[in-house]
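First up is the structure itself, then whatever we jot down about it.
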Amino acid sequence: MKKTVLLASAATLMCVFASCGGGKKAEEAPAEEAAPTSTQLAIFTKPLDTSVKAEESFAVDKDGYISIFDGKTFNGWRGYGKEHVPGKWAIEDGALRFNGTGGGEAQDKDGGDIIFAHKFKNFELTFEWKVAKGSNSGVFFLAQEVESTDKDGNKRLEPIYISSPEYQILDNENHPDAKMGKDGNRKSASLYDMIPASPQNSKPFGEWNTGKIMVYKGTVVHGQNGENVVEYHLWTPQWTDLLQASKFSEKNWPLAFELLNNLGGENREGYIGFQDHGDDVWFRNIKVKVLD
1 MKKTVLLASA
11 ATLMCVFASC
21 GGGKKAEEAP
31 AEEAAPTSTQ
41 LAIFTKPLDT
51 SVKAEESFAV
61 DKDGYISIFD
71 GKTFNGWRGY
81 GKEHVPGKWA
91 IEDGALRFNG
101 TGGGEAQDKD
111 GGDIIFAHKF
121 KNFELTFEWK
131 VAKGSNSGVF
141 FLAQEVESTD
151 KDGNKRLEPI
161 YISSPEYQIL
171 DNENHPDAKM
181 GKDGNRKSAS
191 LYDMIPASPQ
201 NSKPFGEWNT
211 GKIMVYKGTV
221 VHGQNGENVV
231 EYHLWTPQWT
241 DLLQASKFSE
251 KNWPLAFELL
261 NNLGGENREG
271 YIGFQDHGDD
281 VWFRNIKVKV
291 LD
């Protein structure tokens, strides 16, 4: 049984999951009903509006997880603030790969962060990741594309991390960022520069790790290699205190503080993205289950 549902927003994805089971319990379903269904997401391509260029189909498994990367194409993906995928991102052996230069947060014309161009609100994101020796990257969520204007009227696109928390991706043993920050809050799976992952159970460079980010009505959980390692609560005094103690404090970075303190904007939803930090990194098996 295969169903296709046209959706205008992430909130309506729950309708897909309600229909996937065909009204039967899992043990009653015939074998052929275990095949993935598909859904269509309205994919927004322009950075600062909501015009729809295309609707792409994505597989949905029996547990309701949408495969937002098919391992073969960039369907649904584009550069942050761009209408195309930057050339330094490639598909290699079923994985998204950033071809690094070792130049730090490069973000040059062929590089830059990428996003899945559909906003999610309450969801669980699962993925696998690995890094080369000494590599740094990150996963963003509830991100916005923010344009600012300076005193001379010149516009610029602000970086993605000004409006999004970061699930850190890092070679803990060989990248200096692991020793910076406080109490290991820049090591892998940490809420970057705010909460260290505990336990710290990442695998060495070159090996695949599993990652998870769950967002539900303000509660956020980071998972790594089968364990929950970080928990925090958005839009609370605790969240504000975390920001004030970080590089994103109101004093150090007023715009970042304002955006992060009101994470997700009025609708409390945003993009999922992967970071160009100038280093080699791979992502695969990228799936989202909507919890709205």
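So for the sequence shown, the working numbering puts the first residue at 1; every next one is plus one. Glycine included, C-beta positions come from ideal geometry on N, C-alpha and C. Nothing here was measured: the structure is a model prediction, and the numbers come from that model.
| Residue interval of the alpha helix (DSSP H) (run including E258) | By one-based count along the sequence shown, residue 258 stands at place 258. Its alpha helix (DSSP H) spans residues P254 to N261.
| request: Would you mind reading off the limits of the alpha helix (DSSP H) that contains T240? | output: Mapped onto the sequence shown, residue 240 falls at position 240. For T240, the enclosing alpha helix (DSSP H) begins and ends at P237 to Q244.
| query | Does the count of Cβ pairs from the segment 160-170 and the segment 250-268 closer than 8 Å reach three? | reply | yes
| request: Just mark E56 as buried or exposed, buried being the case when its beta carbon has 16 or more other beta carbons within 10 Å. | output: One-based indexing of the sequence shown puts residue 56 at position 56. Flag for E56 reads buried.
| request: Please state whether DSSP places K212 in a helix, a strand or coil. | output: Numbered from its first residue, the sequence shown carries residue 212 at position 212. In the structure shown, K212 adopts extended strand secondary structure according to DSSP, grouped into three states.
| field | For K119, three-class secondary structure by DSSP | value | Position 119 of the sequence shown holds residue 119. Strand at K119.
| Exposed or buried, what is S88 when buried is set at 16 or more other beta-carbons lying within 10 Å of its beta-carbon? | Sequence index remark: in the sequence shown, residue 88 carries index 88 (1-based). For the sequence presented, residue 88 should be read as Lys rather than Ser. K88 is buried by the Cβ-count criterion.
| task | Just confirm the distance between the C-beta atoms of H222 and A245, as a whole number of angstroms; I'd bet it's less than 8 Å. | result | Position 222 of the sequence shown, counting from 1, holds the residue named residue 222. Position 245 of the sequence shown, counting from 1, holds the residue named residue 245. No, H222 and A245 are not in contact; Cβ-Cβ is about 18 Å, not under 8 Å.
| When you compare only the Cα positions, how much space is there between E128 and E227? | On the sequence shown, residue 128 is found 128 positions in, with the first residue counted as 1. On the sequence shown, residue 227 is found 227 positions in, with the first residue counted as 1. If I take the Cα positions, the gap works out to 14 Å.
| query | Between the segment 206-221 and the segment 245-257, are three or more C-beta pairs nearer than 8 Å? | reply | no
| request: Assign I286 to one of three DSSP states: helix, strand, or coil. | output: Numbered from its first residue, the sequence shown carries residue 286 at position 286. Residue state, collapsed to three classes: strand.
| task | Quick one: measure Cβ to Cβ for F205 and V131, integer angstroms, because I've assumed they're closer than 8 Å. | result | As a working mapping, residue 205 is identified with position 205 in the sequence shown. As a working mapping, residue 131 is identified with position 131 in the sequence shown. The Cβ separation is near 5 Å, so the contact holds.
| said: Checking the sheet assignment: what are the DSSP bridge partners for L234? | reply: What you label residue 234 is simply residue 234 of the sequence shown in a count that begins at 1. Note: L234 sits in no beta bridge, so no partner.
| message | Using the three-state DSSP reduction, which class does I160 fall into: helix, strand or coil? | response | Taking the sequence shown and counting its residues from 1, the one referred to as residue 160 is at position 160. Looking at I160 - three-state DSSP - the assignment turns out to be helix.
| field | Integer-rounded CB distance, given that F69 should sit under 8 Å from V290 | value | Indexing the sequence shown from 1 puts residue 290 at position 290. Indexing the sequence shown from 1 puts residue 69 at position 69. Not really, about 16 Å apart at Cβ, beyond 8 Å.
| request: Below 8 Å on the Cβ atoms is my guess for T126 versus K287; work out the distance and round it to an integer in Å. | output: Stepping through the sequence shown from its first residue, residue 126 is reached at position 126. Stepping through the sequence shown from its first residue, residue 287 is reached at position 287. The pair is a contact, with the Cβ atoms about 5 Å apart (cut-off 8 Å).
| request: Could you pull the start and end residues of the beta strand (DSSP E) that S148 belongs to? | output: For the purposes of this step, residue 148 is identified with residue 148 of the sequence shown, where counting begins at 1. Counting along the chain, the beta strand (DSSP E) containing S148 begins and ends at E147 to T149.
| Do the segment 82-97 and the segment 230-244 touch if we need at least three Cβ pairs shorter than 8 Å? | no
| Distance, Cα to Cα, G153 vs G111? | For the purposes of this step, residue 153 is taken as residue 153 along the sequence shown, with counting starting at 1. For the purposes of this step, residue 111 is taken as residue 111 along the sequence shown, with counting starting at 1. Their Cα atoms are separated by approximately 26 Å.
| field | Residue span of the beta strand (DSSP E) that contains H84, given as start and end | value | Position 84 of the sequence shown, counted from the start, is the residue given in the question as residue 84. Boundaries cannot be given for H84, as no beta strand (DSSP E) includes it and DSSP labels it neither H nor E.
| task | Taking V229 and S198 to be in contact with their CB atoms under 8 Å, please state how far apart those CB atoms are, rounded to whole angstroms. | result | If you number the sequence shown from 1, residue 229 lands on position 229. If you number the sequence shown from 1, residue 198 lands on position 198. About 6 Å; that satisfies the 8 Å criterion.
| said: Suppose you measure from the CA of D150 to the CA of L157; what does that come to, to the nearest Å? | reply: Here residue 150 refers to the residue found at position 150 when the sequence shown is read from its first residue. Here residue 157 refers to the residue found at position 157 when the sequence shown is read from its first residue. Looking at the two C-alpha atoms, the distance is approximately 11 Å.
| Skipping 5 residues on each side, what residues in its chain have a beta carbon closer than 6 Å to that of L255? | Within the sequence shown, residue 255 is the residue found at index 255, counting from 1. Excluding positions up to five away in sequence, the list is empty.
| task | With a threshold of 16 other CB atoms inside 10 Å of the CB of G79, please say whether the residue is buried or exposed. | result | Walking along the sequence shown from the start, residue 79 turns up at place 79. Burial call: buried.
| query | Can you tell me where the beta strand (DSSP E) with A95 in it begins and where it stops? | reply | The sequence position of residue 95 within the sequence shown is 95, counting from 1. Start and end: A95 to F98.
| field | Residue of W239, F274 and E145 minimising C-alpha distance to K257 | value | Along the sequence shown, read from residue 1 onward, the residue named residue 257 stands at position 257. For the sequence presented, residue 257 should be read as Phe rather than Lys. When only C-alpha atoms are compared, the closest one is W239.
| task | Determine the extent of the beta strand (DSSP E) in which F141 is found, giving its start and end residues. | result | For the purposes of this step, residue 141 is taken as residue 141 along the sequence shown, with counting starting at 1. Segment N136 to A143, the beta strand (DSSP E) holding F141.
| Where D292 and E207 are concerned, what is the direct C-alpha to C-alpha distance, given to the nearest angstrom? | Within the sequence shown, the letter at position 292 stands for residue 292. Within the sequence shown, the letter at position 207 stands for residue 207. Whole-angstrom Cα-Cα distance: 33 Å.
| Does the Cβ of A31 have 16 or more other Cβ atoms within 10 Å, making it buried, or fewer, making it exposed? | Your numbering for residue 31 matches position 31 in the sequence shown. With a pLDDT of only 45 at A31, under 50, the local geometry of the prediction cannot be trusted, and the value read off the model is given with reservation. Exposed.
| Which class does K179 belong to by DSSP, given the choice of helix, strand or coil? | Numbered from 1 along the sequence shown, position 179 holds the residue referred to as residue 179. Correct three-state label for K179: helix.
| request: Could you check if I173 is buried or exposed, using at least 16 other CB atoms within 10 Å of its CB as the buried criterion? | output: Within the sequence shown, numbered from 1, the residue matching residue 173 stands at position 173. As written in the sequence, residue 173 is Glu, which differs from the Ile given in the question. Its Cβ having fewer than 16 others within 10 Å, E173 is exposed.
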